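Chains as they are written, first to last, in my numbering: chain A, 1 to 113; chain B, 114 to 227.
For each residue, glycine too, the CB sits at the ideal point set by N, CA and C.
Since we're looking at a predicted model, the values are computed, not measured.
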Amino acid sequence: EAGVAQSPRYKIIEKRQSVAFWCNPISGHATLYWYQQILGQGPKLLIQFQNNGVVDDSQLPKDRFSAERLKGVDSTLKIQPAKLEDSAVYLCASSFPNTGELFFGEGSRLTVL
Amino acid sequence: AQSVTQPDIHITVSEGASLELRCNYSYGATPYLFWYVQSPGQGLQLLLKYFSGDTLVQGIKGFEAEFKRSQSSFNLRKPSVHWSDAAEYFCAVGATYNFNKFYFGSGTKLNVKP
Chain A
1 EAGVAQSPRY
11 KIIEKRQSVA
21 FWCNPISGHA
31 TLYWYQQILG
41 QGPKLLIQFQ
51 NNGVVDDSQL
61 PKDRFSAERL
71 KGVDSTLKIQ
81 PAKLEDSAVY
91 LCASSFPNTG
101 ELFFGEGSRL
111 TVL
Chain B
114 AQSVTQPDIH
124 ITVSEGASLE
134 LRCNYSYGAT
144 PYLFWYVQSP
154 GQGLQLLLKY
164 FSGDTLVQGI
174 KGFEAEFKRS
184 QSSFNLRKPS
194 VHWSDAAEYF
204 CAVGATYNFN
214 KFYFGSGTKL
224 NVKP
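Take a look at the structure:
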């Protein structure tokens, strides 16, 4: 079974530039999450989708971050413009609803200079 | 509000020694509790989970965890650590009002001495 796919694995940009991350969840997983993991911290939820609808985006900095999940399958997370403090690993996870088990991708590491 | 505290940032144990990683949570009701492991450059993998019932739960790779309501704890244990267990371990609590929402602790990095 294929796991959660993310790309790119690494990205280095200058502040004020934009960046986009892509995630393809496990087939059939209706719930998709984007987490931000800053070095030395645990993952912090940015946004949660159920199919193509947003369930929770309360911690998404909406002035610069956006995410979409068209057709309820893969998802894109965009940052524009990036700030230094956005340097982090962006983790995508998916799950069947109400199972309590998240399946994580390997993450996309962003460095903002 | 839900929160998870992992008091130990780094732990070093010798190979073959026993291990206990601490996790304390704050939640108004009986939570759903999880332990995940993250190897370098990898995503997180579920080790075990507690929803209800027996307070001692078994997981993969020989790990177990015990839910203690009176102490608001869910500590992870392993009787004999292997070098391949070196990784970062995250405790998480799931909100029972939204089974799909999780809060993670800040993690404990485990080093294993040969």
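- Per DSSP, B:Leu160 is one residue of the beta strand (DSSP E) stretching across 157-163.
- At a beta-carbon threshold of 8 Å, the residues of chain A lying near B:Phe203 are Gly42, Pro43, ordered along the chain.
- Sixteen is the threshold: since fewer than 16 other Cβ atoms of the shown chains lie within 10 Å of the Cβ of A:Arg9, the residue is exposed.
- Contacts with chain A (Cβ-Cβ distance below 9 Å) from the region 136-156 of chain B involve Tyr145, Phe147, Tyr149, Gln151, Gly154, Gln155, Gly156, listed in chain order.
- Contact with chain B is found for A:Gly100, since one of that chain's Cβ atoms lies less than 8 Å from the residue's Cβ.
- A buried status is given to A:Ile47, since no fewer than 16 other beta-carbon atoms sit within 10 Å of its beta-carbon.
- Here the alpha carbons of B:Cys204 and A:Leu110 stand approximately 24 Å from one another.
- Taking the beta carbon of A:Gly28 as reference, no residue of chain B falls within 9 Å; the closest one sits roughly 15 Å away.
- Taking CB atoms only, A:Gln36 has no neighbour in chain B less than 8 Å away.
- B:Gly129 and A:Gln59 have their C-alpha atoms spaced approximately 42 Å apart.
- In this chain, the beta strand (DSSP E) harbouring B:Lys226 covers 221-226.
- Taking 8 Å as the CB threshold, A:Glu106 lines the interface with chain B.
- Residue-level contact check: B:Lys214 touches chain A, since one or more beta carbons of chain A fall below 8 Å from its beta carbon.
- With a 10 Å radius around the Cβ and a threshold of 16 neighbouring Cβ atoms, B:Pro192 comes out exposed.
- Interface annotation, A:Asp74: not in contact with chain B, CB-CB separation never under 8 Å.
- Under DSSP, no beta-bridge partner is assigned to B:Trp196.
- For A:Ser95, the uninterrupted beta strand (DSSP E) run begins and ends at 88-95, by DSSP.
- Chain-order list of chain A residues neighbouring B:Leu160: empty, with the shortest C-beta distance near 11 Å, by a criterion of under 7 Å.
- By the rule that beta-carbons nearer than 8 Å mark a contact, B:Phe164 touches chain A.
- Within the same chain, Cβ atoms closer than 6 Å to the Cβ of B:His123 are found at Lys222, the five residues on either side in sequence being excluded.
- Proximity of B:Phe217 to chain A, defined by a Cβ-Cβ separation below 8 Å, is satisfied.
- Measuring C-alpha to C-alpha distances from B:Val194 to each of B:Glu133, B:Thr118, B:Gln119, B:Gln115 identifies B:Glu133 as the nearest.
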